[in-house]
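Novice:
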Amino acid sequence: MRLTREQSYALLEKHGCYVTEVCDKCGQILGPVRFTRRDDAGVWCSRECRGDAERQKIHKGGRPKKYKHDRARKNAHAQQQREFRLRSSVTKTCQQPDANKGLTGAISASGYGDSMNTASVS
């Protein structure tokens, strides 16, 4: 609460300090530290005087929690890992190439095919 100039000078004469504001709830002199609330003209000396304990906690926006407990989150991640390992451990059958798609003639025409075939026969 703002004090009038006369009240401030009366406190200056009585206590030796010039004060412009006091707590709205308890009347304590406010120094450089004060507690305020947005869109509210009040000024308080502490959170208790401001009434923070009485106010309900306001949940800000944001993404809602996917899991209620930390344990549930860990179990879900473990299950995902198990499924991934199961999928990756399954061996895929290789398809046989279609008789090298005519590449054998190209190798023998270059001269390498004949020497390889004769070396393997002997």
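Its first residue numbered 0, the sequence shown is counted upward by one per residue in numbering that gives the first Met the number 0. Just so it is clear, CB atoms sit at the ideal spot from N, CA and C, and this is done for glycine as well.
Would you decide whether C44 is buried or exposed? Buried here means 16 or more other CB atoms lie within 10 Å of its CB.
Specialist: Within the sequence shown, numbered from 1, the residue matching residue 44 stands at position 45. The residue is buried, with at least 16 neighbouring Cβ atoms inside 10 Å.
Novice: Measure the C-alpha to C-alpha separation of C16 and D38 and round it to an integer number of angstroms.
Specialist: For the purposes of this step, residue 16 is taken as the residue at position 17 of the sequence shown. For the purposes of this step, residue 38 is taken as the residue at position 39 of the sequence shown. So the two alpha carbons sit approximately 30 Å from each other.
Novice: Can you pull the DSSP bridge partners for R39?
Specialist: Within the sequence shown, the letter at position 40 stands for residue 39. Here residue 39 is Asp; the residue named in the question, Arg, does not match the sequence. Looking at the DSSP assignment, D39 forms a beta bridge with R36.
Novice: Where does V21 land, buried or exposed, given buried means 16+ other C-beta within 10 angstroms?
Specialist: As a first step, residue 21 must be located in the sequence shown, where it is residue number 22. V21 comes out buried.
Novice: If you draw a straight line from the C-alpha of Q78 to the C-alpha of C48, how long is it?
Specialist: Residue 78 sits at position 79 when you count from the first residue of the sequence shown. Residue 48 sits at position 49 when you count from the first residue of the sequence shown. Rounded to the nearest angstrom, the two C-alpha atoms are 50 Å apart.
Novice: DSSP on E20, reduced to helix/strand/coil?
Specialist: Counted from its first residue, the sequence shown places residue 20 at position 21. Reduced to three states, the DSSP call for E20 is strand.
Novice: Going by DSSP, which residues form a beta bridge with R1?
Specialist: As a first step, residue 1 must be located in the sequence shown, where it is residue number 2. According to DSSP, which records beta bridges pairwise, R1 is partnered with E20.
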